[in-house]
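Colleague:
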Amino acid sequence: MSRFSMTTAIAGAATALLLVAGAPLAGAVTSDAAEPRIVTYDASQAEEFQAAIDEAAETWNGQVANVKLEKATDGQADLTVLADDGWPRAQTESLGVGTVWMGRQAVNEGHHIPRIATHEIGHILGLPDDRTGVCEDLMSGASAGTDCQNNLPNPTEKAQVDENFAQGLVIAPQLFTEAPALAGR
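Written as structure tokens, this is what we have:
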């Protein structure tokens, strides 16, 4: 093998090694944007609320960059959504992991189903309740009243979710409920 062939072979091997290792080549365009974390959800037990959960997932996907909600396809999900006759609530296990109950009691009292779904998923994404009574605040929940039909997070809520996932926020297991008797919680 000639000296030129050997040099070319070594250079080719080094380039291949850099590509496999993920190192950028000189002049290559690189992106600092990290891939969003995928949070899978299973709404198969959400009964009449399945479409609202899908809508809420799409709402969040259109509002934040660092997390993406996708339907689970293999029977395993980070987020499980159930339906029951109580108040809506969310049980977080960790960031992006937990259970949401779509409670019919709030729906029967006139609260907007898409807002409930998006609000409860907000807890799974690391947002606390913020009972301001302001309709533009998604996490104000039921305190905004039954006339409120806003199901979009405000700029602060969106930024907080993106920051939570960018930093890998560690959250402790917690139950969030909209039940009026626990409104001070």
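So the sequence shown is residues -28 to -1, 1 to 157, counted in mature numbering (1 follows the signal peptide of the UniProt record, and there is no 0).
Ideal Cβ positions, reconstructed from N, Cα and C, are used throughout, including at glycine.
1. Secondary structure at V142, three-state DSSP: helix, strand or coil?
2. Check each candidate in E135, T118, C120 and M111 and name the one with the smallest Cα separation from N126.
3. Nearest-angstrom Cα distance between A55 and E7?
4. Identify whether V106 lies in helix, strand or coil by the three-state DSSP scheme.
5. How many angstroms separate the CA atom of A144 from the CA atom of V69?
6. Quick check on this structure: which residue in I96, W59, D14 and D101 has the alpha carbon closest to the alpha carbon of E81?
7. Once the 5 residues before and after N33 are set aside, which same chain residues still bring their CB inside 7 Å of it?
8. With a 10 Å radius around its C-beta and 16 neighbouring C-beta atoms as the bar for buried, classify I10 as buried or exposed.
9. Assess, as a yes-or-no matter, whether the region 89 to 102 is touched by the region 16 to 30 under the definition of 3 or more beta carbon pairs within less than 8 Å.
10. Under the DSSP definition of a beta bridge, which residues are partnered with G75?
11. Sorted by chain position, which residues of the same chain lie with C-beta nearer than 6 Å to T104's C-beta, five sequence neighbours on each side aside?
12. Counting along the chain, where does the alpha helix (DSSP H) carrying E42 start and finish?
13. According to DSSP, is A(-1) helix, strand or coil?
14. Just checking my contact of Q121 with R76 at CB under 8 Å: how many whole Å lie between their CB atoms?
15. Can you grab the Cα-Cα spacing for the pair D102 / D119, in whole Å?
16. Going by DSSP, name the residue or residues bridged to D14.
17. Work out the CA separation of A24 and I85 for me, nearest whole Å.
18. When you compare the CB positions of I96 and A62, do they come within less than 7 Å of one another, or not?
19. What separation, rounded to the nearest whole angstrom, lies between the Cα atoms of A44 and E108?
Modeller: Quick look at the numbers:
1. The sequence position of residue 142 within the sequence shown is 170, counting from 1. Note: V142 maps to coil in three-state DSSP.
2. Along the sequence shown, read from residue 1 onward, the residue named residue 126 stands at position 154. Among E135, T118, C120 and M111, the Cα nearest to that of N126 is on M111.
3. Position 83 of the sequence shown, counting from 1, holds the residue named residue 55. Position 35 of the sequence shown, counting from 1, holds the residue named residue 7. Computed Cα separation, rounded: 32 Å.
4. Start at 1 with the first residue of the sequence shown, and residue 106 comes out as number 134. Here V106 sits in coil by DSSP.
5. On the sequence shown, position 172 is the one that residue 144 refers to. On the sequence shown, position 97 is the one that residue 69 refers to. For A144 and V69, the distance between alpha carbons rounds to 11 Å.
6. Counting from one through the sequence shown, the residue named residue 81 turns up at place 109. Selected option, being the one with the closest Cα: W59.
7. Counting from one through the sequence shown, the residue named residue 33 turns up at place 61. Counting only Cβ-Cβ distances below 7 Å, and skipping sequence neighbours, we find K40 and L41.
8. Numbered from its first residue, the sequence shown carries residue 10 at position 38. I10 is exposed by the Cβ-count criterion.
9. yes
10. As a first step, residue 75 is located in the sequence shown; it is residue number 103 there, counting from the start. In the DSSP output, where bridge partners are listed per residue, G75 has D56.
11. Start at 1 with the first residue of the sequence shown, and residue 104 comes out as number 132. Contacts found: S112.
12. In the sequence shown, counting from the first residue as 1, residue 42 sits at position 70. Where E42 is concerned, there is no enclosing alpha helix (DSSP H), although the beta strand (DSSP E) it sits in stretches over V39 to K43.
13. If you number the sequence shown from 1, residue -1 lands on position 28. Unreliable positioning characterises A(-1) in this predicted model, as indicated by a pLDDT of 36, which lies under 50. A coordinate reading is not provided.
14. As a working note, residue 121 is residue 149 in the sequence shown. As a working note, residue 76 is residue 104 in the sequence shown. Incorrect: roughly 18 Å between the Cβ atoms, too far for contact.
15. Sequence index remark: in the sequence shown, residue 102 carries index 130 (1-based). Sequence index remark: in the sequence shown, residue 119 carries index 147 (1-based). One C-alpha to the other measures close to 18 Å.
16. Residue numbering aside, residue 14 sits at position 42 when the sequence shown is read from its first letter. Partner(s): T52.
17. Numbered from its first residue, the sequence shown carries residue 85 at position 113. Numbered from its first residue, the sequence shown carries residue 24 at position 52. Their backbone Cα atoms lie some 7 Å apart in a straight line.
18. Here residue 96 refers to the residue found at position 124 of the sequence shown. Here residue 62 refers to the residue found at position 90 of the sequence shown. It is a contact, given that the beta carbons lie within the stated cut-off.
19. Numbered from its first residue, the sequence shown carries residue 44 at position 72. Numbered from its first residue, the sequence shown carries residue 108 at position 136. In a straight line, the C-alpha of A44 is about 30 Å away from that of E108.
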